[in-house]
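What the sequence shown shows, in the numbering used here, is residues 521 to 667, in sequence order.
Glycine included, C-beta positions come from ideal geometry on N, C-alpha and C.
These numbers were taken from a predicted model, which means no experiment stands behind them.
Structure first, then comments.
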Amino acid sequence: IEELRQASIFSDTRVADFLIEKDRLFAQVNLDRNELHLYDQVYDSLDVDPPAPDLVVYLQAPVDALLFRLARRGIDYEQRISRHYLERLNEAYARFFHDYDAAPLLIVNAATIDPIHNEQHYSVLLDEICRIQSGRHFFNPIVSVTA
């Protein structure tokens, strides 16, 4: 986090696949009540004050789409991720972002886009990201679907 603070002095652009609050979401889904209590105690004792992001992009997709993408990636340990786990994680993210107001937020319906494997999808998403200045936005991209 300190590196992020320092980097902001020297660079206008940072892209990260991390939001400090995301760690707590995974803790809620994966830890039992006692473990979560201990997690909260440790977290509260840390001096964590990350810089606010300029924009948060929440790629929201249904569990079936996530399972398909995990299968397509073919990473061994990801094949053991259960539908139930993804349902719980999706619900935790939805609850979290429902009230999120710490930074501008773009909620993307990512059910039918594949910005990793499809250049058109990537461009459409990037254009929308670049357009956002403030507030909460919902983006339901209209693109051709390719597997």
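- The alpha-carbon separation between Arg608 and Ser643 amounts to approximately 31 Å.
- By the neighbour-count definition (other C-beta atoms within 10 Å, threshold 16), His641 is a buried residue.
- Between Leu545 and Pro573, the beta carbon gap of about 16 Å keeps them out of contact (Cβ cut-off 8 Å).
- Of the other Cβ atoms in all chains shown, 16 or more fall within 10 Å of the Cβ of Leu626; this residue is therefore buried.
- By the 16-neighbour rule on beta-carbons within 10 angstroms, Ala623 is exposed.
- Cα atoms of Val628 and Ala614: separation of roughly 12 Å, rounded to the nearest angstrom.
- Ala630 has its alpha-carbon roughly 8 Å from the corresponding atom of Pro661.
- Contact between Leu587 and Arg603 holds, since their C-beta atoms are separated by about 6 Å, short of 8 Å.
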